[in-house]
Amino acid sequence: MVAGNLDLADVLRSSIHAAAEAMNAEACSILLKDPEADALRFHIVDGPQTHGLSSAALPIDDHSIAGWVANHQEAVLIPDAYGDARFNRDWDLRTGFRTKSILCAPLVSQDRQVGVMQILNRRDGRAFDEYDLVLSQAVASLIAVAIHNAEEHEARLRAERLATIGQTIAGMAHCVKNILNGLRAGSYIIDQEMGEADTSKVARGWKIVKKNMMLLSNIVMDMLSYSKERKPLYQPCRIGDLCEDVVGLLRQQAGDKGVTLVTSSDLDEVCADESGLRRCLINLVGNAIDACSAGGGLVKVDVAAADADGRFAIRVRDNGCGMEPQAREKIFDAFFSTKGGKGTGLGLAVTKKIVEEHGGEIRVESVLGQGTEFALVLPVKPAGAASG
Ligand SMILES: Nc1ncnc2c1ncn2[C@@H]1O[C@H](COP(=O)(O)OP(=O)(O)OP(=O)(O)O)[C@@H](O)[C@H]1O
Ligand SMILES: [Mg+2]
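Counting from 592, one number per residue, gives the positions in the sequence shown under the numbering used here.
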């Protein structure tokens, strides 16, 4: 079905209207085949009385002219509709239109039946002639090609959309599967060691479980933040404490890799959506830890005081691997990741979205092999925050 494709509907409407004008006709219509209902449906109707026709269905059988043409795949010229046994008067009763002469041609493209085209009544009262019939068949074949092309285009777009959704889901599933493997490994150690006097192995298993639960919770939170439009909930926020919190949350992950986390703040209180900024920082600090090589890694989180424009900056700097310029171009695209099954590629897309919803901007500087700095530049008092 092509119903719903506005561009195509416009093309069909103007082509059949032009054809009807050329033949000095009062009314015209295009009916498309609805394969599910094995019927024709009015798709374009143009004329003085079209009320009640839009999307109305007509069986493909010999009890109407359009049904007969679709059934037999043959164009017809009917000089006197009421004198033809196939003519169905119900449609005239329904619309109040009085059909006299009809041209009806099948719409067939590459041996596939797509519908029929009808042209009704010459304005000068005469019946249509053989010349009009040939012209209507030529117009019908052009219309059928346009419909066929539009359907192919739709099908291609649908296939591309499905492929993208498929790839995204496959990437996510792979990432979640790896985390679940971690959870299973941690739970297994706990199971094995439960009841033993030595609790150190239980503690190790529990640490693995906690780490993977946090990873899973981050993915779910990122998916939620990315999929929903959200107005920030501005509240007074002690920004230095928030950075300390996030660093505390990721200290174990950093410690396991020998990465040192430090934080400092020049600023006391700002007005911000705390849970949104927390998500941004978890993503930036998490990425910075990932970028550091094992041992010797350093990640600094600094809050710099407001500038003349009333904006403050949170900077997350690491001495990790840095980025290739080509990767740098794509990092804010959803699902771009260089981490294989260990990343969904949603972290920075979500961070950017939250920062922009917050009236701020995100900047990045990176030197391959030396490190990266992300800066979130945000208003101290965002527009939309309650004054006072
Ligand atoms: N500090 C950084 N240093 C080097 N590369 C980085 C840094 N931060 C991000 N990147 C690059 O940007 C990519 C996208 O980051 P993003 O946070 O969106 O996704 P991810 O970390 O791969 O997965 P996740 O959705 O689990 O966070 C990363 O895969 C990485 O290649
Ligand atoms: Mg990330």
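All C-beta atoms in this analysis are idealised placements derived from N, C-alpha and C, irrespective of residue type, glycine included.
Residue i beta carbon near ligand 1 (any heavy atom closer than 6 Å)
i	result
ALA976	no
SER928	yes
ASP836	no
ILE922	yes
THR759	no
GLY773	no
THR851	no
GLU901	As written in the sequence, residue 901 is Gly, which differs from the Glu given in the question. No, Cβ of GLY901 sits at least 6 Å from all heavy atoms of ligand 1.
THR854	no
ASP893	no
ALA845	no
Among the options, the one whose alpha carbon lies nearest that of residue i
i	options	result
LEU599	ALA696, LEU711, ALA735	ALA735
ASP782	VAL800, ALA845, VAL890, ASP671	VAL800
MET914	LYS819, PHE965, MET763, GLY849	PHE965
VAL636	ILE621, ALA863, GLN758	ILE621
GLU860	GLY934, LEU937, LYS972, GLN844	LYS972
GLY934	VAL890, TYR673, CYS862, ALA761	ALA761
heavy atom of ligand 2 below 6 Å from residue i C-beta
i	result
GLY938	yes
ASN803	no
ASN809	no
ASN874	yes
ASN878	yes
Cβ pair residue i, residue j closer than 7 Å
i	j	result
HIS765	GLY886	no
GLY846	ALA882	no
ILE905	LEU967	yes
VAL707	ALA657	yes
PHE677	ASP652	Note that residue 677 corresponds to Arg in the displayed sequence, not to Phe. Not closer than 7 Å, so no.
VAL837	VAL876	yes
ARG685	GLY638	no
SER856	GLY831	yes
LEU711	ALA648	no
ASN809	GLY773	no
ALA718	PRO670	yes
Cα-Cα separation, residue i to residue j
i	j	result
LYS944	HIS739	40 Å
ARG689	ASP683	6 Å
ASP601	LYS624	18 Å
GLU742	GLY716	37 Å
GLN917	LEU840	32 Å
PRO697	MET763	48 Å
VAL593	LEU603	Low confidence applies to VAL593: its pLDDT is 40, below 50, so where it sits in the model is not reliable enough to give any reading.
ALA750	MET814	24 Å
GLY849	LYS921	28 Å
GLY595	HIS634	With a pLDDT of only 43 at GLY595, under 50, the local geometry of the prediction cannot be trusted, and no value is derived from it.
GLN843	CYS871	19 Å
ALA976	GLU865	13 Å
Test: residue i CB closer than 7 Å to a CB of chain B
i	result
THR942	No chain B is present in this structure, which holds just one protein chain.
Closer than 6 Å: residue i CB and nearest ligand 3 heavy atom
i	result
MET914	In the structure shown, ligand 3 is absent; the only ligands present are ligand 1 and ligand 2.
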